[in-house]
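Engineer: In terms of the numbering used here, the sequence shown opens at residue 14 and continues consecutively.
We put the CB at the ideal spot given by N, CA and C, even for glycine.
As the structure is a prediction and not an experimental result, all values here were calculated from the model.
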Amino acid sequence: MAYAALAPVFHLFRRLEWRVRDAALRTRFGRVGSDFVFDPVSSRFVTPNSLSVGDDCFINAGAHISGDVELGNRVLLGPDVKLLSGQHLFSLPGHHPRFLRASHESPEHIARLVVEDDVWIGAAVVVVGGVTVGSGSVVGAGAVVSRDIPPYVVAVGVPAKPVRRIFDDSTLRKHLASVGLDAASAEALLLRRSQADVASLPLATPSHPPRVLYRGQWSET
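1. Rounding to the nearest angstrom, what Cα-Cα distance links residue 134 and residue 94 in this structure?
2. Are the stretch 115 to 124 and the stretch 157 to 168 in contact at 8 Å, needing three or more beta carbon pairs?
3. Would residue 185 and residue 203 qualify as a contact pair, given that the criterion is a beta-carbon distance under 8 Å?
4. Between the alpha carbons of residue 98 and residue 157, how many angstroms are there, rounded?
5. Just to confirm the assignment, what range does the alpha helix (DSSP H) spanning residue 188 have?
6. State the Cα-Cα distance for the pair residue 33 and residue 212, rounded to the nearest angstrom.
7. Here's a check: name, in chain order, each residue in its chain whose Cβ is nearer than 6 Å to the Cβ of residue 189, leaving out the five neighbours to either side.
8. Skipping 5 residues on each side, what residues in its chain have a beta carbon closer than 6 Å to that of residue 22?
9. Since residue 65 is in the beta strand (DSSP E), which residue starts that stretch and which ends it?
10. Comparing alpha-carbon positions, which option in 114, 171 and 150 lies nearest residue 141?
11. Would you call residue 87 buried or exposed, if buried means 16 or more other Cβ atoms sit within 10 Å of its Cβ?
12. Whole angstroms is fine: what's the gap from residue 108's alpha carbon to residue 89's?
13. Is the separation between the beta-carbon of residue 126 and that of residue 81 shorter than 8 Å?
14. Kindly indicate if chain C contains any beta-carbon less than 8 Å away from that of residue 37.
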């Protein structure tokens, strides 16, 4: 009975905490695009001033983001994703790793981490510094991304590697044109994917319901 009586007060404080943390973090981020949604209570942004976020991004609960990180537009991060652009120093003869620092300001060597437009990173994925996750790609839950992922592939595993292509080249060209990408940029994405030697991979065949909501409107699949 006591909990039932206090539940409305508890929820009020939770909502207030959410709004206060959300507002405070937005002033500290390096760049924030429009319609950025994230969980300010359960997520941790270690160096918010070096995080750049594009438009229409969504970060689920439990994220841990540190170092020099750039998110493109329309990026989706599942729960408990870790984007770690720094790494501790080790393997220097005569030096204990515990006492090595990259600078007075940081113990870690920072390497830029980029997640390009339209990427979906699944639950509990870890992405390390010096890596680019290419546009339109999907990274499966639990993967560890320690090297670049080309555009428009599905990547899984430890370390993550491409296992499926998203669209064949002809369909990808049509898709990119339909979402407004200029021809030169589209060809650059296709070239990057072809250089990654993924042409022999099977196509992704996700199951879709007969109708889906897209920007609030029903669309036939």
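Structural biologist: Taking the coordinates as given:
1. Mapped onto the sequence shown, residue 134 falls at position 121. Mapped onto the sequence shown, residue 94 falls at position 81. About 8 Å.
2. no
3. Against the sequence shown, residue 185 aligns to sequence position 172. Against the sequence shown, residue 203 aligns to sequence position 190. Result yes, Cβ atoms of residue 185 and residue 203 sit closer than 8 Å.
4. Counted from its first residue, the sequence shown places residue 98 at position 85. Counted from its first residue, the sequence shown places residue 157 at position 144. Computed Cα separation, rounded: 13 Å.
5. Position 175 of the sequence shown, counted from the start, is the residue given in the question as residue 188. 182 to 191 is the span of the alpha helix (DSSP H), which, as asked, contains residue 188.
6. For the purposes of this step, residue 33 is taken as the residue at position 20 of the sequence shown. For the purposes of this step, residue 212 is taken as the residue at position 199 of the sequence shown. In a straight line, the C-alpha of residue 33 is about 48 Å away from that of residue 212.
7. By one-based count along the sequence shown, residue 189 stands at place 176. So the qualifying residues of the chain are 199.
8. Start at 1 with the first residue of the sequence shown, and residue 22 comes out as number 9. Around residue 22: no qualifying Cβ.
9. Indexing the sequence shown from 1 puts residue 65 at position 52. Start and end: 64 to 66.
10. Looking up residue 141 in the sequence shown gives position 128. Closest option to residue 141, Cα to Cα, is 171.
11. Here residue 87 corresponds to residue number 74 of the sequence shown, with the count starting at 1. When all chains shown are included, residue 87 counts as buried.
12. For the purposes of this step, residue 108 is taken as residue 95 along the sequence shown, with counting starting at 1. For the purposes of this step, residue 89 is taken as residue 76 along the sequence shown, with counting starting at 1. Their backbone Cα atoms lie some 40 Å apart in a straight line.
13. For this step, residue 126 is matched to residue 113 along the sequence shown. For this step, residue 81 is matched to residue 68 along the sequence shown. A contact, by the Cβ cut-off of 8 Å.
14. Looking for chain C here will not work: only one protein chain is present.
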